[in-house]
Amino acid sequence: MRTMKVRTRWVDLPRLKNRFVLFSLAAVVVFAILLLRLWYLQIISVDQYRQLSEKNRIRYLPVAAERGPVYDHDGTLLVDNRPGFTIAALRQEVEDSDRLLSSLAGYLDVDKEQLEERWMAGKRLPRYRPVPLAVDVGWDNVERVQENAVDLPGVLTLVTPIRAYPYGEMASHLFGYLGEITEEELASGDYNNYRGGDFIGQNGLERFLEDYLRGLEGERLLEVDVKGKELRTLKTLEPTPGKKVFLTLRKELQLAAEEAIGDQAGAAVALDVRSGAVLALVSKPSFDPALFARGIYPEEWLELLQNSRHPLQNKALRGQYPPGSTFKLVTALAVLESGLVGPDYTVDCSGRIEVGPREFRCWKKKGHGETNLKKAIRESCDVFFYDVSLKIGIDKIAETARQLGLGSVSDFRPARERSGLIPDSAWKKRRFNDRWYNGETVIAAIGQGYDLVTPMQLAVMTAAIANNGKVLRPYVVERVEDFDGNVLSLTEPEVLKVAEIEQKDFDALKAGLVAVVNEPHGTGWLSRMPDVTVAGKTGTAQVIRMKSDEEEEKIKDEDIEYRFRDHGLFVSYAPAEAPEIAIAVVIEHGSHGSTAAAPVSKAILQAYFAEDDDTAPEDEVPVPEGEIE
Amino acid sequence: MFDRRLIVNFDWVLLLLVCLLTGIGILNLYSATSTWSAAATPVYLKQFYWLGIGLVIALSVCLFDYRNLEYFATPLYVLNVLLLVAVLVVGKTSMGATRWLNLGFFNLQPSEIMKLMIIVVMARYFSVKDQVQGYNFKELWMPFALLGVPVLLIMKQPYLGTAMLVIFIASSMALFAGIQRRTLISLSLMGLAAVGGGWFLLHDYQKQRIKTFLDPERDPLGAGYHIIQSKIAVGSGGLFGKGFMQGTQSQLSFLPERHTDFAFSVFAEEWGFTGCLILLLCYLLLVTWGIYTARRANDLFGMYLALGVSAMLFWHIVVNLGMVIGLLPVVGVPLPLFSYGGTSMVTTMIGVGILLNVSMRRFMF
């Protein structure tokens, strides 16, 4: 150790003394600043940072609600849901979307463009909501995605309910289909509860009952770590499924009608005469609603659109056809009601009649000879109706037609209808600025010319005649229930109007209609049934050029022959003594009502009366129907 | 040479304080790394071993009279500078920086030792060349040179955080020694100019850190991520915290570097403002105890040594805390005794050993 001299004790330097205090104070001040900052973060801003930390760790996963199931009158499930796998991606966790979509496209066997399109569409969603990239993915692909989850950060497999149709294409037009909600709909402000990517009923019952069928989306709160690994479920808000819908439709009748129409194009509507309840509603050809449920591909959509037989059109409501001889029911009632002609009035049918400069033929060249109303209806004599129509004129015929529900929509609410056309002199003036000619009257009287009806209108008319003048609003939704069985909506039968036609006139017409089916020479002879008295009327509508859907302009060469064949029609009700069911059938280009349409009608009736025999007695008369009788 | 008075005067307060802080730190590390795989030795246990090693080092430092350091100061300093040069020549490179010398059994970080060495050489200079009127430029050229050489070498690695700390430590000591008013003003202006000019010498990642500090939202998933997540962790702790092992930011790994530089964020999240207040008071006590040790020191050299160690602890604490609570840019400075890391533990414990050494020899001549 050296000398102590070089060492200086700090106490010898009093100037340093204060600096210890000063430096200590400086340290205190700096620590106070740090504490103030901590105070600011932890006490003043705590709520903000708590929220941020929650947002970090909590992932909201929407849980899709099942859409409400649809049952037929007897409680048979017609539209249901099945679980499907949706591959989705969370935007907040995807860093390299391009690479992700590339590898995903490989695992899913789809085009990358398709995924990109969805991804771009998903940019509208909040960052924490999964963007659905592929809906209803097969199990093999799901497995491959899950096996390679490490390469696919932010990709989720969600189980989502997908519409299922146990009976395939049955009544597809009535049910309609779902589609992704469009930008315009979202922007309109009418769909505040919807988000991009949601499915919404596009038409048919799915659209009409959207508010009932759509459930309430649930939510799962998951705790995730920084890699997005799900650690535990913090909270589950169960989705509320959509409501149960019970239809008046009867599966057996629907299937029988569809089978009877087979590959032909056409439509059939069966109504309960007493209530207006729709028992069957068929339009053929149909489409497979399952395609829409899983997201229809553009090429499939195009094929449906371009099909010359219009599978997407609901012909029962939107197909407009000349009624042909089925219109003679209207003419007959108009004539009877006018009082100018009684049931005993006869016309000598020679097979032709001259009106002004023109000659009009009966369908039977030889003529029917002496013909009264009953025979005229039974054998569908045109000359008789030419003759009587000239006595009452077009305006009287048109008025009667309107009273029976023709010429305007039937107010069937689930889907849009066309109104058909019942011409009169005022319409002619309005439309063509021309007077009405007698030649046009005779044509209109047998349901040709300008006359146009929809199968639904024909069915409503037939039911109105069967129940002596009450025009009922056709309905198909019997009731809507929640899952506890509470009835939320019950459709009551509704009389839209009552035709001002005397009972004896109905009786006179009905005698003819029974004869059509049950007497020799009757045109509907083929559809008679052993145990039940059926009343009906055939019709053959000449196919004339009508203004209609634009697609019709494009006629393919190989179709021309088929396209110019006549439409076959048949309207009927049964039992004739106490009518329960009314049916209208139109078979496009079926040539004759008796051969093409009547068998369909018969198939429905057989199903209806067989059903009555088979089912339990308490099911025989549905509740709403009992009230109107 | 070994005296009974050494035992009598042993600074138990300091030793207990150090053990207390390290204990809290180990508890915190236990929580911070609880979700890690159990395969390797747990971090908290390793830190416990480091505490043991650190205590052995601190006590070993006590064995030799600190006054001997005065004679070895220059050669040790020169050796340290040579090691810094060696780092640049044959050092181990990791993440764009060369900071380590591979000595086979462990990696030596000469820049870390320089924090202590600068204390020793500054203490020696100021204790020998005492100026009653305060120092002016002429008398400061030597400290400048002593500081400048290692700082430039460290910056070259580059290791901005450590270079800054070395400057802060030396400046604190010089400030305490006393600098003439005019000189101080000129120096401050020069310092500002150097900071401005230094901007252009900074590496991109260093500029990035500073830009990100000024506006973390610029790049929330990249460079700003650390600051944002740390602030969320600290802020969401609230008054009483989320509870031990309950911090979502740390337990779910949203917080990066949570066992090293951001260990305090974990603590703040789980123990809240209350815990932070207590911890900060402990650290404040540690720093002021160091200053108190300096005041009680037997001679000027010892006084400057204790003061330098206090400054080292102070600046580490302030820079680290300032960083995790978003007051200062992210520079990789650990929180002494709290962040996991052998190097930091050893450096800190040598410093503590010096304090103990100075303290226990305060009555010796």
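Respectively, the protein sequence lines represent chains A and B.
Each residue of the first sequence is one higher than the one before, starting from 230 at the first, in the working numbering.
Each residue of the second sequence is one higher than the one before, starting from 156 at the first, in the working numbering.
Each residue gets a CB set at the ideal place from its N, CA and C atoms; glycine is no exception.
Determine the burial state of residue i: buried for a count of at least 16 other Cβ atoms within 10 Å of its Cβ, exposed for fewer.
| i | result |
| --- | --- |
| residue 230 of chain B | exposed |
| residue 402 of chain A | buried |
| residue 361 of chain A | buried |
| residue 845 of chain A | Bear in mind that the predicted position of residue 845 of chain A carries a pLDDT of just 42, short of 50, making it too unreliable to give a figure here. |
| residue 358 of chain A | buried |
| residue 244 of chain B | exposed |
| residue 302 of chain A | buried |
| residue 501 of chain A | buried |
| residue 586 of chain A | exposed |
| residue 285 of chain A | buried |
| residue 717 of chain A | exposed |
From the DSSP output, in three-state form, read off residue i for me.
| i | result |
| --- | --- |
| residue 610 of chain A | coil |
| residue 302 of chain B | helix |
| residue 624 of chain A | helix |
| residue 810 of chain A | strand |
| residue 559 of chain A | helix |
| residue 578 of chain A | strand |
| residue 177 of chain B | helix |
| residue 418 of chain B | helix |
| residue 257 of chain B | strand |
| residue 402 of chain A | helix |
| residue 460 of chain A | strand |
| residue 331 of chain A | helix |
| residue 190 of chain B | coil |
| residue 353 of chain A | helix |
| residue 547 of chain A | helix |
| residue 514 of chain A | coil |
With a threshold of 6 angstroms on Cβ separation, who are the neighbours of residue i within its own chain once the five nearest residues in sequence on each side are excluded?
| i | result |
| --- | --- |
| residue 233 of chain B | none |
| residue 478 of chain B | 485 |
| residue 523 of chain B | In the structure displayed, chain B extends from 156 to 520; residue 523 of chain B sits before or after that span and is not available. |
| residue 512 of chain A | 402, 496, 543, 544 and 545 |
| residue 504 of chain B | 209, 212 and 213 |
| residue 263 of chain B | 256 |
| residue 805 of chain A | 743, 762 and 764 |
| residue 459 of chain A | 451 and 453 |
| residue 821 of chain A | 769 and 797 |
Hey, would you say residue i sits closer than 8 angstroms to residue j, going by beta carbons?
| i | j | result |
| --- | --- | --- |
| residue 213 of chain A | residue 330 of chain A | Absent from the model: residue 213 of chain A. The displayed extent of chain A is 230 to 858, so no value can be given. |
| residue 270 of chain B | residue 304 of chain B | no |
| residue 309 of chain B | residue 266 of chain B | yes |
| residue 485 of chain A | residue 836 of chain A | yes |
| residue 810 of chain A | residue 499 of chain A | yes |
| residue 161 of chain B | residue 516 of chain B | yes |
| residue 278 of chain B | residue 456 of chain B | yes |
| residue 770 of chain A | residue 736 of chain A | no |
| residue 478 of chain A | residue 442 of chain A | no |
| residue 291 of chain A | residue 446 of chain A | yes |
| residue 465 of chain B | residue 442 of chain B | yes |
| residue 590 of chain A | residue 580 of chain A | yes |
| residue 702 of chain A | residue 725 of chain A | yes |
Take residue i and list the residues in its own chain whose beta-carbon comes closer than 7 angstroms to its own, dropping the five residues that flank it on each side.
| i | result |
| --- | --- |
| residue 651 of chain A | 627, 630, 631, 635, 636 and 680 |
| residue 436 of chain A | 405 and 430 |
| residue 380 of chain A | 332 |
| residue 787 of chain A | Annotation note: pLDDT 44 at residue 787 of chain A (below 50); position unreliable, coordinate value reported separately. None. |
| residue 217 of chain B | 508, 511, 512 and 515 |
| residue 179 of chain B | 434 |
Given residue i, which residues of its chain have a CB within under 8 angstroms of its CB, disregarding the five upstream and five downstream residues?
| i | result |
| --- | --- |
| residue 732 of chain A | 697 |
Proximal residues, the segment 259-284 of chain B versus chain A, C-beta separation under 9 angstroms: Against chain A - using a Cβ distance shorter than 9 angstroms - the residues of the segment 259-284 of chain B are 282 and 283.
Compile a chain-ordered list of the residues in the segment 179-199 of chain B whose CB is closer than 9 angstroms to at least one CB of chain A. For the segment 179-199 of chain B, the set of residues with a beta-carbon nearer than 9 angstroms to any beta-carbon of chain A comprises 190, in chain order.
Can you give me, in chain order, the residues of the segment 258-275 of chain A that have a beta carbon less than 7 angstroms from any beta carbon in chain B? Answer set for the segment 258-275 of chain A: 259, 260, 263, 264, 266, 267, 268, 270, 271, 272, 274 and 275.
Pull out every residue of the segment 281-313 of chain B whose Cβ sits closer than 8 angstroms to any Cβ of chain A, in chain order. Against chain A - using a Cβ distance shorter than 8 angstroms - the residues of the segment 281-313 of chain B are 282, 283, 285 and 287.
When Cβ atoms are compared, which residues of the segment 280-302 of chain A fall closer than 7 angstroms to chain B? Per Cβ criterion, the list reads 281, 282, 285 and 286.
Along the segment 533-556 of chain A, what residues have a CB closer than 7 angstroms to any CB found in chain B? Within the segment 533-556 of chain A, contact with chain B at the beta-carbon level (separation under 7 angstroms) is assigned to no residue.
Closer than 9 angstroms, Cβ to any Cβ of chain B: which residues of the segment 324-354 of chain A, in chain order? Under the 9 angstroms Cβ criterion, the segment 324-354 of chain A contributes 324.
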